[in-house]
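K.L.:
Each residue of the sequence shown is one higher than the last, beginning at 93 in my numbering.
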Amino acid sequence: MHSQSKNKNIIDKNIEQRRAATLELSTRGKSPSEMSKLLSCNSCTVYRVTVRSTPKASTRSSSKPK
Numbered sequence: 093m094h095s096q097s098k099n100k101n102i103i104d105k106n107i108e109q110r111r112a113a114t115l116e117l118s119t120r121g122k123s124p125s126e127m128s129k130l131l132s133c134n135s136c137t138v139y140r141v142t143v144r145s146t147p148k149a150s151t152r153s154s155s156k157p158k
């Protein structure tokens, strides 16, 4: 059981490192396809990470209709 916990920690650390690298490459202007090649991951992963880290714009207007 201890071995499984240790492996999960290693996997979690690798995921966080890849997520951080994806965001760093994104801020440097790399395209999703470039990032997926550099990080050896699927382009869907790159899109998911970048979309989840982008602040969502509010769809509600702060002003009331007249």
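Ideal placement from N, C-alpha and C gives every residue a C-beta, glycine not left out.
When the distance is taken between beta carbons, is Arg111 closer than 8 Å to His141?
P.N.:
In the sequence shown, the residue the question calls residue 141 occupies position 49. In the sequence shown, the residue the question calls residue 111 occupies position 19. Per the sequence shown, residue 141 should be read as Val rather than His. Closer than 8 Å, so yes.
K.L.:
Near Ile102, what residues of its chain come up, given a Cβ to Cβ distance below 7 Å and the 5 sequence neighbours on each side ignored?
P.N.:
Residue 102 sits at position 10 when you count from the first residue of the sequence shown. No residues qualify anywhere along the chain.
K.L.:
Do you know how far the Cα of Lys105 is from the Cα of Leu130?
P.N.:
Start at 1 with the first residue of the sequence shown, and residue 130 comes out as number 38. Start at 1 with the first residue of the sequence shown, and residue 105 comes out as number 13. Roughly 18 Å between the two C-alpha positions.
K.L.:
So, using beta-carbon positions, are Ser135 and Pro147 closer together than 8 Å?
P.N.:
By 1-based counting over the sequence shown, the position of residue 135 is 43. By 1-based counting over the sequence shown, the position of residue 147 is 55. No. Outside cutoff.
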